[in-house]
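Asks: All residue numbers for the sequence shown refer to full-length UniProt numbering, where the first residue is 1 and numbers rise by one. This is the structure, below, for whatever I ask next.
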Amino acid sequence: MYGEDVLAGDWRRRKVTPEVEAEPDLVVEDADSGFCGAVVGFELGAVVLEDRNGRRRNFPLAPAAFLLDGRPVTLVRPVAGRIEKQRRVTASGSVAVDGVKAQVAKASRIWVEGIHDAALVERIWGDDLRIEGIVVEPLDGIDDLTGAVAAFRPGPARRLGVLVDHLVPGSKESRIVARVTDPNVLVTGHPYVDIWQAVRPERVGLRAWPVIPPGRPWKEGVCAAVGVREPADMWRRVLASVSSYRDVETPLINSMERLIDFVTVFED
1 MYGEDVLAGD
11 WRRRKVTPEV
21 EAEPDLVVED
31 ADSGFCGAVV
41 GFELGAVVLE
51 DRNGRRRNFP
61 LAPAAFLLDG
71 RPVTLVRPVA
81 GRIEKQRRVT
91 ASGSVAVDGV
101 KAQVAKASRI
111 WVEGIHDAAL
121 VERIWGDDLR
131 IEGIVVEPLD
141 GIDDLTGAVA
151 AFRPGPARRL
161 GVLVDHLVPG
171 SKESRIVARV
181 TDPNVLVTGH
191 PYVDIWQAVR
201 PERVGLRAWP
211 VIPPGRPWKE
221 GVCAAVGVRE
231 PADMWRRVLA
241 SVSSYRDVET
251 PLINSMERLI
261 DFVTVFED
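Put into structure tokens, the structure is as follows:
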């Protein structure tokens, strides 16, 4: 009488669902697997999603295959050239603000360990920091961090953020940092021996960063393990592989975001 069983087959995908353009950074959930992530591109007709931990998966653009705000949608590829005009994001993932010029440098600063750290921070967070008027300065190590902080004379309108390499419990770095108690100073760090190691190894063409025995200079050990003659050559390879926050590990991202928030909030 009715012609067919209305409950037979994949009834969910037979419903009419809205089509949504898969814009960069649009966050959706794959309805079948529950994988949730932001749109980062397309490969072989599938959309590529990246979750908050940097894991990427490809999903076919099937009808009603995704959930947006809990509701089924059909993702379609965006019209070429339209997205760039609608919204731009900086390398750090922040929404780019058009027409805003860099501010005159404020008294607050962010210190990092060395010129490589400074270059990597500039590559990812430079646009954000220029708008805020925050200068990043390289240190020559943190052995006299307490003396350097005292000489800086931090205050409510002169805050200081410090990014420390290899900041793990029980390390020499952790003991040095523990001596910094000024409330206008925030010290954060990452667990990597060197800032190079904070770059995702696959971006540099490695399956994993080499394990270097204690007592050997880490950069020299890495170069020997991957067949690069000079650390300067390896550094150019590392820096060239980074274009946004997606190319570095989460601990570095979290530490830098905390520092930026700290030095850009001023007390009266």
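In this text, a Cβ means the ideal position worked out from N, Cα and C, and glycines have one as well.
(1) What are the residues that DSSP puts in a beta bridge with residue 36?
(2) Using the Cα positions of residue 23 and residue 78, report the straight-line distance between them to the nearest angstrom.
(3) Would the region 55 to 69 and the region 24 to 37 be scored as touching if the rule is three or more Cβ pairs under 8 Å?
(4) How about the region 188 to 196 and the region 236 to 256: do they share at least three Cβ pairs that are nearer than 8 Å?
(5) How would you write the range of the beta strand (DSSP E) that residue 46 sits in, first residue to last?
(6) State buried or exposed for residue 16, treating a residue as buried only when at least 16 other CB atoms are found within 10 Å of its CB.
(7) Excluding five sequence neighbours on each side, which residues of the same chain lie with their C-beta closer than 7 Å to the C-beta of residue 218?
(8) Skipping 5 residues on each side, what residues in its chain have a beta carbon closer than 8 Å to that of residue 119?
(9) Taking the alpha carbon of residue 161 as the reference point, which residue from 169, 171, 175 and 181 has its own alpha carbon closest?
(10) Which value, in whole angstroms, describes the spacing of the CA atoms of residue 226 and residue 242?
(11) Taking the alpha helix (DSSP H) that residue 167 falls in, what are its first and last residues?
(12) For residue 250, report the span of its alpha helix (DSSP H) as first-last.
(13) Alpha carbon to alpha carbon, what distance is there between residue 115 and residue 223?
(14) Ends of the beta strand (DSSP E) at residue 111?
(15) State the Cα-Cα distance for the pair residue 267 and residue 199, rounded to the nearest angstrom.
(16) Between the alpha carbons of residue 170 and residue 176, how many angstroms are there, rounded?
(17) Are there 16 or more other CB atoms within 10 angstroms of the CB of residue 137, so buried, or fewer, so exposed?
(18) Using the beta-carbon count (16 or more within 10 Å), is residue 108 buried or exposed?
(19) So the candidates are 50, 260, 112 and 39; which of them puts its Cα closest to the Cα of residue 76?
(20) Determine whether the beta carbon atoms of residue 153 and residue 184 lie at a separation below 7 Å.
(21) For residue 220, which residues of its own chain have a beta-carbon under 8 Å away from its beta-carbon, when the five flanking residues on both sides are left out?
(22) Checking 7 Å against the spacing of the C-beta atoms, do residue 255 and residue 145 come in under that value?
(23) Measure the C-alpha to C-alpha separation of residue 202 and residue 246 and round it to an integer number of angstroms.
Replies: Considering the structure as presented:
(1) 29
(2) 6 Å
(3) Three or more Cβ pairs closer than 8 Å define a contact, and the region 55 to 69 meets that threshold against the region 24 to 37.
(4) yes
(5) Note, residue 46: beta strand (DSSP E), 46 to 50.
(6) Exposed, by the Cβ-count rule.
(7) 193, 194 and 212
(8) 239
(9) In terms of Cα proximity to residue 161, the closest of 169, 171, 175 and 181 is 181.
(10) 19 Å
(11) It is not in any alpha helix (DSSP H) - residue 167 carries neither H nor E in the DSSP assignment.
(12) 250 to 263
(13) 18 Å
(14) 109 to 113
(15) With a pLDDT of only 47 at residue 267, under the threshold of 50, the placement of this residue in the model should not be trusted; the figure read from the coordinates follows. Looking at the two C-alpha atoms, the distance is approximately 34 Å.
(16) Pairing residue 170 with residue 176, the inter-Cα distance amounts to about 11 Å.
(17) Taking all protein chains in view, the Cβ of residue 137 is surrounded by fewer than 16 other Cβ atoms within 10 Å, so the residue is classified as exposed.
(18) Counting Cβ neighbours within 10 Å, residue 108 comes out buried, since at least 16 surround it.
(19) 39
(20) no
(21) 231
(22) Not in contact: residue 255 and residue 145 (Cβ atoms no closer than 7 Å).
(23) Cα to Cα, the separation comes out at about 12 Å.
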